[in-house]
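Numbering (the numbering used here), first residue to last: 132 to 436.
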């Protein structure tokens, strides 16, 4: 990740202060400006900046309150925030640090200190992001792992409960994979898993859809704000994509090539259920797809009694 694409949100009710920071940082980073606390919350949610420079003294909503509200936004709870202030006092600095601020910059700005502190905190964030990505990636295929799948599914479930929207889940299983390993060996089996995983990921079009290796030869696909018809369409496209790879599989009971079976479950989540319900329904649909002959899609539309 290069500095050129890192985003910084500057929050200050004085345009001249924003402009000064923009001049200091704009040559290396993508900078955005908010002139009030409420505007900052909206922009931060939309932009998901890598760093926020936040003035403390502002009318309507001060920096401390903006910080508290930022930490309530799931996508921003780990975004580093540097407080910017003309105040000189240990009490104010301690208050910000207790809240969880990454650092303090005082006015009038020192060009070198401001640039170095921003650079240091962005470097730390990149390192944390890299470690997080490694911990959430499957070691063999490189796509998201079971941990990432579970975390995101729970988040999307809660979001769908709040918004009352549909959430769909696909469970995908490579047909007759044990026979594939027995015939071609585990090294070839690993290569097969990699090819299938990459094909599945590349087929998804929306950035908020997730494909993950669920375990063994099984994959899970989370489709937020997607009804049953849309989920079935995606499932068919994924099934056809894997079939089109034409990976030889002489011992398959289904086709001379590697194929997949897909179980689809769609529902409007509610507080009375857990996201585990969606997994169980998708698993049940997958079982029916396999029992029905494999290389097919089976769907379960769940309606709460």
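Don't be surprised by glycine CBs; every beta carbon is placed ideally from N, CA and C.
It should be emphasised that the depicted structure is a prediction, and the values quoted were computed from it without experimental measurement.
Discussion item. Looking at residue 353: is its Cβ nearer than 9 Å to the Cβ of residue 366?
Written reply: no
Item to complete: Measure the alpha-carbon distance for residue 400 versus residue 394 and round it to whole angstroms.
Response: Those two C-alpha atoms are separated by around 18 Å.
Discussion item. Taking the beta carbon of residue 309 as the centre, do at least 16 other beta carbons fall within 10 Å, making it buried, or is it exposed?
Written reply: exposed
Discussion item. Classify residue 169: buried if its beta carbon has 16 or more other beta carbons within 10 angstroms, exposed otherwise.
Written reply: exposed
Worksheet item: Should residue 431 be labelled buried (16 or more other beta-carbon atoms within 10 Å of its own) or exposed?
Response: It is buried - the Cβ of residue 431 has at least 16 other Cβ atoms within 10 Å.
Discussion item. Tell me whether the segment 395 to 415 and the segment 290 to 308 touch, counting them as touching only if at least three CB pairs, one residue from each stretch, are closer than 8 Å.
Written reply: yes
Worksheet entry | Cut-off 7 Å between Cβ atoms - residues of its own chain near residue 416, not counting five sequence neighbours on either side | Cβ within range, chain order: 394, 395, 396, 429, 430 and 431.
Worksheet item: Should residue 339 be labelled buried (16 or more other beta-carbon atoms within 10 Å of its own) or exposed?
Response: exposed
Worksheet entry | Contact the segment 201 to 217 vs the segment 171 to 187: 3+ CB pairs below 8 Å | yes
Worksheet item: Closest to residue 345 by CA distance: which of 233, 293 and 301 is it?
Response: 301
Worksheet item: Does DSSP put residue 133 in a helix, a strand or coil?
Response: Low confidence applies to residue 133: its pLDDT is 45, below 50, so where it sits in the model is not reliable, and the reading given next is rough at best. Coil at residue 133, not helix or strand.
Item to complete: Look up residue 436 in the DSSP assignment and say whether it is helix, strand or coil.
Response: Confidence at residue 436 is low in this model, with a pLDDT of 39, below 50, so the placement of that residue should be treated as unreliable; the coordinate-derived value is given next. In the structure shown, residue 436 sits in coil (DSSP, three-state: anything other than H, G, I, E or B).
Fill in: Own chain partners of residue 115 with C-beta closer than 7 Å, once the 5 adjacent residues on each side are dropped
Since the displayed the chain opens at 132 and closes at 436, residue 115 lies outside it and no answer follows.
Worksheet item: Roughly how far, in whole angstroms, is the beta-carbon of residue 386 from the beta-carbon of residue 350, given that I think they are within contact range, below 8 Å?
Response: In fact, because the Cβ distance is near 19 Å, the residues do not count as touching under 8 Å.
Worksheet item: alpha helix (DSSP H) containing residue 278: first to last residue?
Response: 277 to 294
Item to complete: Could you tell me whether the Cβ atoms of residue 152 and residue 143 are closer together than 9 Å?
Response: yes
Practice prompt. Identify, in the order they occur along the chain, each residue of the same chain with its Cβ nearer than 7 Å to the Cβ of residue 347, setting aside the five sequence neighbours on each side.
Written response: Apart from the 5 residues on each side of it in sequence, residue 347 has no Cβ closer than 7 Å to any other Cβ in its chain.
Worksheet item: Does the beta-carbon distance from residue 324 to residue 271 come in below 9 Å?
Response: yes
Worksheet item: Which runs of the alpha helix (DSSP H) spanning at least 4 residues fall entirely within the segment 207 to 246, listed in chain order?
Response: 221 to 230
Item to complete: Grab me the residues of residue 149's own chain with a C-beta within less than 6 Å of its C-beta, minus the 5 sequence neighbours each way, in chain order.
Response: These residues qualify, in order along the chain: 141, 143 and 164.
Practice prompt. Please work out which residues of its chain come closer than 6 Å, Cβ to Cβ, to residue 146, disregarding the five sequence neighbours upstream and downstream, and give them in chain order.
Written response: There are no such residues.
Discussion item. Under DSSP, the alpha helix (DSSP H) around residue 370 begins and ends at which residues?
Written reply: 359 to 375
Worksheet item: Assuming residue 389 and residue 376 make a contact with CB atoms under 8 Å, what is their CB distance in whole Å?
Response: 7 Å
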